[in-house]
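Have a look at the structure below before the remarks.
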């Protein structure tokens, strides 16, 4: 049986040879007389939805604008010693029952993703503090209140927020119905901690690793509550992208790549989905390579997209072969799994109800840049550290090389990066090295190669995950998830498990209940 790579090459060659677009695009993509349920987006939410619907006997068609499945679940290959890094999700918690069940059903082995020994570091005002150390003992100059002294950062967090987080452990809790939670939602995380009596220094210590000033206090409390019972975290052996890739392989030709949906006409009886097939994006499906930036080659930006020479293209046709083809599909229902940033550019006729449209327009994704930094050795281990750290630059660091072969080290650094949303240039990979070196100074001399991905500049993502601002969490997720006529909505931004693969799978379950009821 030919591999998917060979199949794509053969299909592309046939397309070029006959000067036509694929038959499925010419005929409106559907091969069944029965109107399909069209799923927009082959990220984890879209693929899980399609698989469940297919298993229930529904005709399903998945349209994906990119050249590969997975959405924000992406794995980087090509590092020394055969090591891999993640551009997107890095962990699955032991409380993520849907992820664990799906990986087991697909035969994808899990492995621990973080060391059980070695200290986690906190970097605050240039001082490196062990997570198990009393903060003021590590840095006597800290201006903490008398009753905050002698406590670790974790103990401070438990002191000020633990009792509230314990009350939010039910992911199905109706937050919008409770004025108590709405009052908390109106505050940012640092503002709420201040109201609780925390000193400015304690607040700074409790918010390391991210920019919490733009996040709703209720959002942070819910994240704490959902993961409060977690005792272990895992990853998929061989890369997180094996999860969506395996789902996509099972769906086969029900997933179409290089297809951007531009407009949906819909009513209670069905929809017409208008889309554009792009030959160049389809061709990209035969590639699976990233360019690694090195200390010798300057700073590079690895997104997996290659530059293409489009000289000589006129009216969408090159050498008699059409580059783009517009078509439409009649659908019984449509499942939209696009993140809000991409959904905002999708024309809907008629438009959505005003409250739902307002939610889509105003929710913003957290503007993170993910760095993968490979070093000659794992210098942090020699210092008795586990490779994990949180810094006051809004950076969270974790060791990607744990459990991987070879002697090289590999770190993930996830940085709050609002500049990434507007900067025309690529993010400096050396900035990621500097971020990692704040916690682990040996990284600077040890650095060999790496990658960077500013999620805010990904047009189909707009950021790393939905970051609900003050006043948004209590009501917006339910609005984002609300079905309208034959339109249904999925994605991590519609789930209590925001920012996790579990959220994508949770939303897929909900949408399938709506459609199969």
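Residue numbers (my numbering): -11 to 505. Glycine included, C-beta positions come from ideal geometry on N, C-alpha and C. Keep in mind it's a predicted model, so treat the numbers as computed, not measured.
Distance CB(residue i)-CB(residue j) smaller than 9 angstroms
{"i": "residue 189", "j": "residue 132", "result": "yes"}
{"i": "residue 243", "j": "residue 262", "result": "no"}
{"i": "residue 159", "j": "residue 254", "result": "no"}
{"i": "residue 111", "j": "residue 380", "result": "yes"}
{"i": "residue 116", "j": "residue 109", "result": "yes"}
{"i": "residue 28", "j": "residue 351", "result": "no"}
{"i": "residue 57", "j": "residue 31", "result": "yes"}
{"i": "residue 85", "j": "residue 101", "result": "no"}
{"i": "residue 453", "j": "residue 353", "result": "yes"}
{"i": "residue 326", "j": "residue 448", "result": "yes"}
{"i": "residue 365", "j": "residue 397", "result": "yes"}
{"i": "residue 98", "j": "residue 91", "result": "yes"}
{"i": "residue 475", "j": "residue 247", "result": "no"}
{"i": "residue 178", "j": "residue 210", "result": "no"}
{"i": "residue 153", "j": "residue 213", "result": "yes"}
Coil, strand or helix - residue i by DSSP
{"i": "residue 82", "result": "coil"}
{"i": "residue 395", "result": "coil"}
{"i": "residue 208", "result": "helix"}
{"i": "residue 368", "result": "helix"}
{"i": "residue 337", "result": "strand"}
{"i": "residue 196", "result": "coil"}
{"i": "residue 170", "result": "helix"}
{"i": "residue 561", "result": "There is simply no residue 561 to check, as the chain begins at -11 and stops at 505 in what is shown."}
{"i": "residue 268", "result": "helix"}
{"i": "residue 471", "result": "coil"}
{"i": "residue 74", "result": "strand"}
{"i": "residue 351", "result": "coil"}
{"i": "residue 346", "result": "helix"}
{"i": "residue 180", "result": "helix"}
{"i": "residue 465", "result": "helix"}
{"i": "residue 491", "result": "helix"}
{"i": "residue 496", "result": "helix"}
{"i": "residue 379", "result": "strand"}
{"i": "residue 64", "result": "strand"}
{"i": "residue 390", "result": "coil"}
{"i": "residue 312", "result": "strand"}
{"i": "residue 87", "result": "helix"}
Residue i, buried or exposed, once every other Cβ within 10 Å from all chains shown has been counted against 16
{"i": "residue 168", "result": "exposed"}
{"i": "residue 346", "result": "exposed"}
{"i": "residue 229", "result": "buried"}
{"i": "residue 302", "result": "Confidence in residue 302 is poor, its pLDDT being 34 and thus under 50, which makes the residue's placement unreliable; the coordinate value appears in the next sentence. By the neighbour-count rule (16 or more Cβ atoms within 10 Å), residue 302 is not buried but exposed."}
{"i": "residue 495", "result": "buried"}
{"i": "residue 293", "result": "For residue 293, the pLDDT reaches just 32, beneath the cut-off of 50, and the residue's location in the model is therefore unreliable, leaving the point undetermined."}
{"i": "residue 490", "result": "buried"}
{"i": "residue 19", "result": "Its pLDDT being 45, under 50, residue 19 is placed unreliably in this model, and the coordinates cannot settle the point."}
{"i": "residue 478", "result": "buried"}
{"i": "residue 372", "result": "exposed"}
{"i": "residue 120", "result": "exposed"}
{"i": "residue 418", "result": "buried"}
{"i": "residue 183", "result": "exposed"}
{"i": "residue 333", "result": "exposed"}
{"i": "residue 231", "result": "buried"}
Cβ neighbours of residue i in the same chain (closer than 8 angstroms, five flanking residues each side left out)
{"i": "residue 23", "result": "47, 258, 318, 319 and 320"}
{"i": "residue 127", "result": "112, 113, 115 and 117"}
{"i": "residue 138", "result": "122, 124 and 125"}
Proximal residues to residue i (C-beta, below 7 angstroms), its chain only, five neighbours per side dropped
{"i": "residue 234", "result": "94 and 96"}
{"i": "residue 217", "result": "83"}
Own chain residues within Cβ distance below 6 angstroms of residue i, not counting five before or after
{"i": "residue 428", "result": "368"}
{"i": "residue 384", "result": "197, 378 and 402"}
{"i": "residue 103", "result": "374 and 390"}
{"i": "residue 485", "result": "491 and 494"}
{"i": "residue 186", "result": "148"}
{"i": "residue 472", "result": "340"}
{"i": "residue 456", "result": "204 and 207"}
{"i": "residue 42", "result": "48"}
is_contact[residue i, chain D] using C-beta, thresh 9 angstroms
{"i": "residue 80", "result": "Protein chains in the displayed structure number just one, and chain D is not present."}
Practice item. Would you be able to state if there are at least three C-beta pairs under 8 angstroms between the region 436 to 454 and the region 352 to 360? Key: By the Cβ rule, the region 352 to 360 counts as touching the region 436 to 454, because three or more pairs are nearer than 8 angstroms.
ask   = Any contact of the region 172 to 190 with the region 133 to 151, i.e. 3+ C-beta pairs under 8 angstroms?
value = In this structure the region 172 to 190 lies against the region 133 to 151, because at least three pairs of beta carbons, one per stretch, are closer than 8 angstroms.
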